[in-house]
Amino acid sequence: MASRTRRRGATPGAPDGSRRRRLSMRLLLPLLVLVALMAMLMLRGYVHSEILADHRVQPEASSDKVPEKIIDGGPVIDTRSGRTTSLQVPDRRLVLTFDDGPDPTWTPKVLDMLKKHHAHAVFFVTGTMASRYPELVRRMVDEGHEVGLHTFNHPDLSFQSKKRIDWELSQNQLAITGAAGIRTSLFRPPYSSFSDAMDNKSWPVTEYIGTRGYITVVNNTDSEDWRKPGVREILRNATPKGGKGAIVLMHDSGGDRHQTVQALDRFLPQMQKQGYEFDNLTEALDAPSAHTQVTGLGLWKGKAWVFLVQASENITGVMVAGLAIIGSLVIGRFVLMLLLSAIHARRVRRRDFSWGPPVTEPVSVLVPAYNEAKCIENTVRSLMASEHPVEVIVIDDGSSDGTARIVEAMGLPNVRVVRQLNAGKPAALNRGLANARYDIIVMMDGDTVFEPATVRELVQPFGDRRVGAVAGNAKVGNRDSLIGAWQHIEYVMGFNLDRRMYDILRCMPTIPGAVGAFRRSALERVGGMSDDTLAEDTDITMAMHRDGWRVVYAEKARAWTEAPETVQQLWSQRYRWSYGTMQAIWKHRRALVERGPSGRFGRVGLPLVSLFMVLAPLLAPLIDVFLLYGVVFGPTEKTIVAWLGVLAIQLICAAYAFRLDRERMTHLISLPLQQILYRQLMYVVLLQSWITALTGGRLRWQKLRRTGVVGAAPGGPVPRQRTRSGSDRRPVG
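So in this note's numbering the end of the sequence shown lands on 1233, straight run, no missing numbers.
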């Protein structure tokens, strides 16, 4: 473990000796991951017509500006190169056209039917569907069918600007190129009908489409299969009169098309017996193919587009699965917490409950201190007010701010100072353990104050000889600021409610460094405190479980600690906690396959800790990603209602936790804001920890700057403040 005395100095090479702030890759990568996930979700939303979609349909308009030869002409309209012509399909030739696909269910069935009866057709595909199912577009081309554009998002183009029309055409063409390596010159407008339905709104669009090099194809026979009128009615509608040729409108997407498939199986052989041929459009008109091969950069752009869309589909699918997992984990955790914490509270609050014989013998309190001049006097004086006999050992871990001198100057009985060169918190605790006189060891942080009853309540569980360690009830002392209030909610709900649950399950993962107690013999059996991880409290707790000791929670053993007061300090603390927890899980991974108490903890405790403390927080950003997407692009009302539902569940759990701890409910006012802002910070911290772990990085100890704002436990004696530092909120050093 790196030395904690490492100082922030001037950046080498900076002429003025100032520190150049650079964006850490471990910070940048989590942000890039979140941005990439949001980008993939937005791309998926665009391809699914949830973003930039326009579902308006133009009502009928007059047609006095449409040329008569178009209204009275055929279904193929060519306005390229300034000409205005229309074409009819020759007699005894039928061009089957299918709109809105390709569909993964019905398009293959339509293609199978066409192949069965040796018929060709034209598929007017949308860019959204072609991007999602490129293999079907490729199959259409390979089997001799023609494909045409049907826009990307299927809007009514009469509402759109020329810029939007160009976008719809180019994106549709890009999808077809990426899928089949071709360009097509055929186009069918969404919501189109017969040529005599052309009006003053749609005709200018048709003219403009021609200037872009496309032939507009409408129809003159409508099967009306979209209404699902039955196979017989579809056959009647699709059959032209008097042997005439026709362009027949059908659909291979947009809903259940089993009637269309059944109708084809009868229509194709029936019309072939009458001498009809089923060709694609250019075959029927004896014209050059509408397809042009694409090579070079254009082809690669199309392939890149299809690849990105497929990636967005797959990633979003994984995200949806992850959302289902996190939803199950969150709800499961809430149910477990409410149920098991109620059982715990009912058990320990019974009048006849007892851990065993009362514990009255003195205990040793270890206070590791590194530059705690702001806090150490308050800490020691709170211990001197203890209702239980204690000896206090302050281990000065190479402080440079006079921490040891402050304690020595207090001249209090049963308070000793042990000095050592800076070696880290685990080494300081082991040094204190070697100097302790008693068999029960209480450990606390140098920025924490105890209530008079804290030590007495903390050590009573040792009346049970099976108990090796006890977790106290750590509370936030500086809760007046917004960031302090958020941590207060987290401590009461996320930590202490969890500890009740884990106590019942007999797999508590962490004895908090701020307030914990150990049986000396248990500590010695597991080798004392270890510096293998940055979460020595989690490490030692897991080691206790594996050695067969019970680890329990003492709700009345309250300790008041100074929580980080700035985002930067909070980031440093939680980054170390998250990374250290991962290290501890990895260190004790062999418990999964071991027998006895170690195996029980490995197969119960480690999975729960991994799920609730590592995996669930890692996946939790998906809730907010989908929330943001739903509010902006999706069903806003349903999304907000769903989020409020999740918030209500959290509020119920938080209110119950506050009731158990007899805390004022007023702090819960900030819970919604905590979910919006504070939680996001915790997400990025955890992602950063994951990246540090996966890249093999080594995180050093992050020393938090203290202010000494937590002067005394509520209701306890007010410590005498040192005049030189008592009112100074600025960090020391």
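Glycine residues also receive a C-beta, built at the ideal position from the N, C-alpha and C atoms.
- Residues sharing a beta bridge with residue 1236, DSSP: Nothing can be reported for residue 1236, as the shown portion of the chain is limited to 501 through 1233.
- Three-state secondary structure (DSSP) of residue 864: In the sequence shown, residue 864 corresponds to position 364, counting from 1. In the structure shown, residue 864 sits in a strand (DSSP, three-state: E or B).
- Item | Residue closest to residue 856, alpha-carbon to alpha-carbon, out of 967, 1169, 814 | Mapped onto the sequence shown, residue 856 falls at position 356. Nearest C-alpha to residue 856: 967.
- What does residue 587 pair with, by DSSP beta-bridge criteria? The count along the sequence shown starts at 1 and reaches residue 587 at position 87. DSSP output for residue 587 lists 576 as bridge partner(s).
- Query: For the candidate residues 936, 939, 925, whose alpha-carbon lies nearest to that of residue 946?
  - Reply: Residue mapping note: residue 946 aligns to position 446 of the sequence shown, counting from 1. Cα-wise, what sits closest to residue 946 is 925.
- Is residue 997 closer than 8 angstroms to residue 1155 when the C-beta atoms are compared? Counting from one through the sequence shown, the residue named residue 1155 turns up at place 655. Counting from one through the sequence shown, the residue named residue 997 turns up at place 497. In this structure, residue 997 does not lie closer than 8 angstroms to residue 1155 by Cβ.
- Message: In the DSSP assignment, the alpha helix (DSSP H) including residue 672 goes from what residue to what residue?
- Response: As a first step, residue 672 must be located in the sequence shown, where it is residue number 172. 662 to 680 is the extent of the alpha helix (DSSP H) around residue 672.
- With 16 other Cβ atoms within 10 Å as the buried cut-off, status of residue 659: Along the sequence shown, one-based indexing puts residue 659 at 159. Its Cβ having fewer than 16 others within 10 Å, residue 659 is exposed.
- Item | Nearest-angstrom beta carbon gap, residue 976 and residue 987 [assumed within contact, 8 angstroms] | Working through the sequence shown from its first residue, we reach residue 987 at position 487. Working through the sequence shown from its first residue, we reach residue 976 at position 476. Correct: roughly 5 angstroms between the Cβ atoms.
- Query: What distance in whole Å lies between the Cβ atoms of residue 1124 and residue 1180, which are believed to be in contact at a cut-off of 8 angstroms?
  - Reply: Start at 1 with the first residue of the sequence shown, and residue 1180 comes out as number 680. Start at 1 with the first residue of the sequence shown, and residue 1124 comes out as number 624. Contact holds; Cβ gap of about 7 angstroms.
- Task: Look at the Cβ atom of residue 1052, then the Cβ atom of residue 970, and state whether they are nearer than 8 angstroms.
- Result: As a working mapping, residue 1052 is identified with position 552 in the sequence shown. As a working mapping, residue 970 is identified with position 470 in the sequence shown. In this structure, residue 970 lies closer than 8 angstroms to residue 1052 by Cβ.
- Taking the alpha carbon of residue 1038 as the point to measure from, which residue in 1023, 1064, 1008 has its own alpha carbon closest? Along the sequence shown, read from residue 1 onward, the residue named residue 1038 stands at position 538. Taking only the C-alpha atoms, the option nearest residue 1038 is 1008.
- Task: State the CB to CB distance for the pair residue 875 and residue 1062, rounded to an integer number of angstroms; the pair is presumed to be in contact (CB under 8 angstroms).
- Result: Taking the first residue of the sequence shown as 1, we reach residue 875 at position 375. Taking the first residue of the sequence shown as 1, we reach residue 1062 at position 562. Contact flag correct, Cβ pair sits at about 7 angstroms.
- Check whether the Cβ atoms of residue 957 and residue 1059 sit closer than 8 angstroms, and answer yes or no. Numbered from its first residue, the sequence shown carries residue 957 at position 457. Numbered from its first residue, the sequence shown carries residue 1059 at position 559. It is not a contact, given that the beta carbons lie outside the stated cut-off.
- Query: By DSSP, does residue 976 sit in helix, in strand, or in coil?
  - Reply: Here residue 976 refers to the residue found at position 476 of the sequence shown. Strand at residue 976.
- Query: How big is the Cα-Cα spacing for residue 1067 and residue 1073?
  - Reply: Counted from its first residue, the sequence shown places residue 1067 at position 567. Counted from its first residue, the sequence shown places residue 1073 at position 573. Their Cα atoms are separated by approximately 10 angstroms.
- Report the three-state DSSP secondary structure of residue 1137 (helix, strand or coil). Position 637 of the sequence shown holds residue 1137. Helix at residue 1137.
- Message: Assuming residue 677 and residue 653 are in contact, meaning their beta carbons sit under 8 angstroms apart, how far apart are those beta carbons, in whole angstroms?
- Response: In the sequence shown, residue 677 corresponds to position 177, counting from 1. In the sequence shown, residue 653 corresponds to position 153, counting from 1. Contact flag wrong, Cβ pair sits at about 18 angstroms.
- Message: Looking only at its chain, what residues have a beta carbon closer than 8 angstroms to the beta carbon of residue 580, apart from the 5 residues adjacent to it on each side?
- Response: As a working mapping, residue 580 is identified with position 80 in the sequence shown. Around residue 580: 710, 711, 713, 714, 715.
- Measuring CA to CA, which of 759, 631, 644 is closest to residue 673? Counting from one through the sequence shown, the residue named residue 673 turns up at place 173. Answer by Cα proximity: 631.
- Task: Sort 573, 1098, 1019, 1105 by Cα distance to residue 1010 and report the nearest one.
- Result: By 1-based counting over the sequence shown, the position of residue 1010 is 510. Measuring from the Cα of residue 1010, the nearest candidate turns out to be 1105.
- Message: Could you tell me the alpha carbon to alpha carbon distance between residue 1131 and residue 1140, rounded to whole angstroms?
- Response: On the sequence shown, position 631 is the one that residue 1131 refers to. On the sequence shown, position 640 is the one that residue 1140 refers to. So the two alpha carbons sit approximately 7 angstroms from each other.
- Any beta strand (DSSP E) of 3 or more consecutive residues that is wholly inside the segment 878 to 944: 890 to 897, 915 to 920, 940 to 943
- Query: According to DSSP, is residue 551 helix, strand or coil?
  - Reply: By one-based count along the sequence shown, residue 551 stands at place 51. Three-state result, residue 551: coil.
- Message: Ignoring anything shorter than 3 residues, give me the beta strand (DSSP E) runs that lie fully in the segment 1138 to 1163, in order along the chain.
- Response: none
- Item | Selected residue, minimal CA-CA separation from residue 1003, among 1108, 795, 732, 1165 | Taking the sequence shown and counting its residues from 1, one reaches residue 1003 at position 503. Looking at the Cα atoms, 1108 is the closest of the given residues.
- Could you check what DSSP says for residue 713 in three-state terms: helix, strand or coil? Stepping through the sequence shown from its first residue, residue 713 is reached at position 213. Coil.
- Contact test: residue 618 Cβ vs the ligand SAM heavy atom, cutoff 7 angstroms: No copy of the ligand SAM occurs in the structure displayed, which carries no ligand at all.
- Query: Given residue 751, which residues of its chain have a CB within under 7 angstroms of its CB, disregarding the five upstream and five downstream residues?
  - Reply: The residue given as residue 751 occupies position 251 in the sequence shown. Here the set comprises 598, 599, 600, 725, 726, 757, 760.
- Query: Can you tell me where the alpha helix (DSSP H) with residue 960 in it begins and where it stops?
  - Reply: Residue numbering aside, residue 960 sits at position 460 when the sequence shown is read from its first letter. From DSSP, residue 960 is part of no alpha helix (DSSP H); its letter is neither H nor E.
- Message: Suppose contacts are defined by Cβ-Cβ distances below 8 angstroms. Is residue 594 in contact with residue 778 by that definition?
- Response: Start at 1 with the first residue of the sequence shown, and residue 594 comes out as number 94. Start at 1 with the first residue of the sequence shown, and residue 778 comes out as number 278. For residue 594 and residue 778, yes; Cβs fall inside 8 angstroms.
- Item | Separation of residue 636 from residue 1036, as counted between CA atoms | As a working note, residue 1036 is residue 536 in the sequence shown. As a working note, residue 636 is residue 136 in the sequence shown. Between residue 1036 and residue 636, the C-alpha separation is close to 57 angstroms.
- Message: My output table needs one value for residue 1010: the three-state DSSP class, helix, strand or coil.
- Response: As a working mapping, residue 1010 is identified with position 510 in the sequence shown. Note: residue 1010 maps to coil in three-state DSSP.
- Query: residue 1270 by DSSP, collapsed to three states: which one?
  - Reply: Because residue 1270 is not part of the residues shown, which for the chain are 501 to 1233, the question remains open.
- Selected residue, minimal CA-CA separation from residue 858, among 963, 873, 1102, 829: The residue given as residue 858 occupies position 358 in the sequence shown. With distances taken between Cα atoms, residue 858 lies closest to 963.
- Among 664, 657, 702, 648, nearest to residue 683 - alpha-carbon criterion: In the sequence shown, counting from the first residue as 1, residue 683 sits at position 183. Considering only alpha carbons, the answer is 648.
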